[in-house]
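Trainee: When the letters of the sequence shown are read in order and numbered with this note's numbering, they come out as residues -18 to 441. We treat Cβ as the ideally placed atom computed from N, Cα and C, and that holds for glycine. What you are looking at is a predicted structure, and each value in this text was computed from that prediction instead of being measured.
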Amino acid sequence: MEQPEEHRPFLELEQGDEVDQKNDKPQRSRVVVTLLLALQLFAFSIGRSLTVLSLKLRQKDIICEKFLSANGHDGYDQTCKRPTGGTAPEVDVEFGVVEYWGMIFALLPAMVVALPYGLTADQHGRKKFVVLSAGGILVNAVLEAIICMFPGFLPLRLIWLASLVTSFSGSELAFCAFTFAVAADVTSEKRMSMVFLLLGAVAMIGGFLGTYLSVSIDYSIAILLGLVMYSITICVAAFTPDTLAGGSSTLKNGLLNSEISYLIDIRKVLHEVARVARLVCRDNKQIGAILLALLFAAHLGVKTELSLNPFPQSSLFWTILILLLGLIPCYKSPLSKDLWMARIIALISLPGALLLVFSGGSVLPFNMLIGMVLISATNLYPAIMRGLLVHLSEGKDIGALYALFGVAQSVGIIIQKPLSALLYLLGGIGQIISVVIFVLSGVILFCVWPRRVNNGAAEG
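#1: Give me the residue from Gly423, Gly387, Ile396 with the minimum Cα distance to Ser152.
#2: Determine the direct distance from the alpha carbon of Val12 to that of Ile128, and round the result to whole angstroms.
#3: Just tell me which of Leu403, Val209, Thr147 has its CA closest to the CA of Ile85.
#4: Alpha carbon to alpha carbon, what distance is there between Ser314 and Ala143?
#5: Measuring alpha carbon to alpha carbon, tell me which of Ile414, Val94, Val14 ends up nearest Val176.
#6: Phe161: which of Arg263, Gly117, Leu18, Ala115 sits nearest, CA to CA?
#7: Exposed or buried, which one is Thr65 when buried takes at least 16 other CB atoms within 10 Å?
#8: Taking the straight line between their C-alpha atoms, what separation do you get for Gly77 and Pro332?
#9: Should Asp58 go down as buried or exposed, given a rule of 16 or more other Cβ atoms within 10 Å for buried?
#10: Name the two residues that bound the continuous alpha helix (DSSP H) containing Leu119.
#11: Out of Ala165, Glu80, Val93, which one is the CA nearest neighbour of Gly106?
#12: To the nearest whole angstrom, what separates the beta carbons of Tyr200 and Ser35, a pair I think is in contact under 8 angstroms?
#13: If the criterion is Cβ atoms closer than 7 angstroms, does the pair Ile418 and Gly187 meet it?
#14: Can you check whether the CB of Gly380 is closer than 7 angstroms to the CB of Ala115?
#15: When you compare the CB positions of Leu316 and Ala389, do they come within less than 7 angstroms of one another, or not?
#16: Quick one: using the 10 Å Cβ neighbour count with 16 as the cut-off for buried, is Thr359 buried or exposed?
#17: Please report the straight-line C-alpha distance between Phe189 and Ser174, rounded to a whole angstrom.
#18: Take Arg367 and list the residues in its own chain whose beta-carbon comes closer than 6 angstroms to its own, dropping the five residues that flank it on each side.
#19: Look at the alpha carbon of Leu421 and the alpha carbon of Ala274, and state the distance between them as a whole number of angstroms.
#20: Looking only at its own chain, which residues have a Cβ that is under 6 angstroms from the Cβ of Gly423, when we skip the five neighbours before and after it?
#21: Expressed to the nearest angstrom, what Euclidean distance is found between the alpha-carbon atoms of Ile462 and Arg248?
#22: Starting from the C-beta of Trp430, find all residues in its chain whose C-beta is less than 6 angstroms away, skip the five residues before and the five after it, and write them out in chain order.
#23: Which partner residues of Lys318 appear in the DSSP bridge assignment?
#24: Taking the alpha-carbon positions, what's the Leu135 to Leu382 distance?
#25: Should Gly393 go down as buried or exposed, given a rule of 16 or more other Cβ atoms within 10 Å for buried?
#26: Within 10 angstroms of the Cβ of His372, are there 16 or more other Cβ atoms? Answer buried if so, exposed if not.
#27: Please classify Glu(-1): does DSSP put it in a helix, a strand, or coil?
#28: Cα-Cα, which of Ile410, Glu46, Leu119, Leu100 is closest to Arg29?
#29: Mapping the DSSP letters down to three states, classify Lys377 as helix, strand or coil.
#30: Should Phe427 be labelled buried (16 or more other beta-carbon atoms within 10 Å of its own) or exposed?
#31: With DSSP as the reference, please indicate the residues paired to Thr68 in a beta bridge.
#32: How would you label Glu(-17), buried or exposed, when you count the other beta carbons within 10 angstroms and need 16 or more for buried?
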């Protein structure tokens, strides 16, 4: 009788049968993995809010201190604000430069390694890449904290170099991509939307809690607490059982003999990247359409609106979440269900975008607030579109597609700031353009139809 190998994953899938076997796994094992993922996302979201917000406050204080030492306190208080309330333009400009280029140095290398890492995760398991990306985020935060601790010896712009840690570990988008890929491995297609939405809600609760703590305690304590939460995230990720070994990718046998050979052989990397590119752009255009809709909706249109209008998002997000969860049993086809939920979000958010344009600034602030409430529904896009990618790809190349999902988000984030500045200069016309960009995402979603999947076969 063959003895089980100790290194074999806890929830190993047979190649090509992962979708069918998800329901054959012990229910208890799948629930345990899902709960661990929820705890992992919760701890990560708290840590991210604590460290990111607190480090930004510290960086702005450093820039302000240098400005005051060079220019004196003429017309400014200790926070570089005038009696009228405006911050010194030099401080805002320098802070914007430090923040934006730090983001560029973090995201661009992560985008380069995202797809190769995703392909490798499809072949060798997700767990090691979840731990790697979380570890890189922790190292980056520690380096930024050290730089902020010694502003007299270390230039603040050194945080750009700290951001390059993502060139080998991936960014927080990679962390989320591989975490949700693990969730997809242990969740049936019928329940995938519900699980993804609930995991997204857990992450948002953690973000709210971290934000509240960051403004309630001293930022040095908040940074330390955030690093502790990152460490807890790594521990939970390391404890979570691996769910895939040689499973969901369509890689040919013998192509990847080991992770090391795969990462070193550039030709094989480029070959697989080209294959996935053909899948997205030619063989299964619905996948490319979903990624494009995500980029437009969640990171070009909506983020531009958020920067043009300072009102916070509302708790109606939870009402919309409950509504969508209630709609899940109404559809027998998982693909149709996710697609229509995405379309419903687009329809709910469109009036909000229009209200923001025609609110007239401070003349009708109530309309602007209602607009922000409605448009906050797009926070549910990522969870639903991750499910759509699984259904459209028939459960194949999940790690690679989720990595592309992160790349689409990164492109939107990088473009958002300069686009927002340009649209702000255009005034009302700029707001109309931002709404048009947002509407394009809804148009794309309504152009994707389930019957066109699987060579035109109707689904559900």
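Mentor: The short version:
#1: Gly387
#2: Taking the straight line joining both Cα atoms gives about 41 angstroms.
#3: Of the candidates Leu403, Val209, Thr147, the one whose C-alpha sits nearest the C-alpha of Ile85 is Thr147.
#4: 46 angstroms
#5: Val14
#6: Leu18
#7: Per the 10 Å Cβ criterion, exposed.
#8: 31 angstroms
#9: exposed
#10: 108 to 130
#11: Out of Ala165, Glu80, Val93, Ala165 has the C-alpha closest to the C-alpha of Gly106.
#12: Tyr200 to Ser35, Cβ: 4 angstroms. Contact.
#13: No; because the gap between Cβ atoms is not below 7 angstroms, this pair is not in contact.
#14: no
#15: no
#16: buried
#17: 22 angstroms
#18: Closer than 6 angstroms at the Cβ level, and outside the excluded window around Arg367, lie Phe161, Phe177.
#19: Just so you know, the alpha carbons of Leu421 and Ala274 end up roughly 7 angstroms apart.
#20: Ala327
#21: The chain is shown from -18 up to 441; residue 462 falls before or after that span and cannot be answered.
#22: none
#23: DSSP lists no partner for Lys318.
#24: 39 angstroms
#25: buried
#26: Counting Cβ neighbours within 10 Å, His372 comes out buried, since at least 16 surround it.
#27: No answer about Glu(-1) holds up, because its pLDDT of 43 lies below 50 and its placement is not dependable.
#28: Leu119
#29: coil
#30: exposed
#31: Lys62
#32: Residue confidence is low: Glu(-17) scores 47 on pLDDT, short of 50, so the model does not pin down where it sits. No coordinate-derived value is stated.
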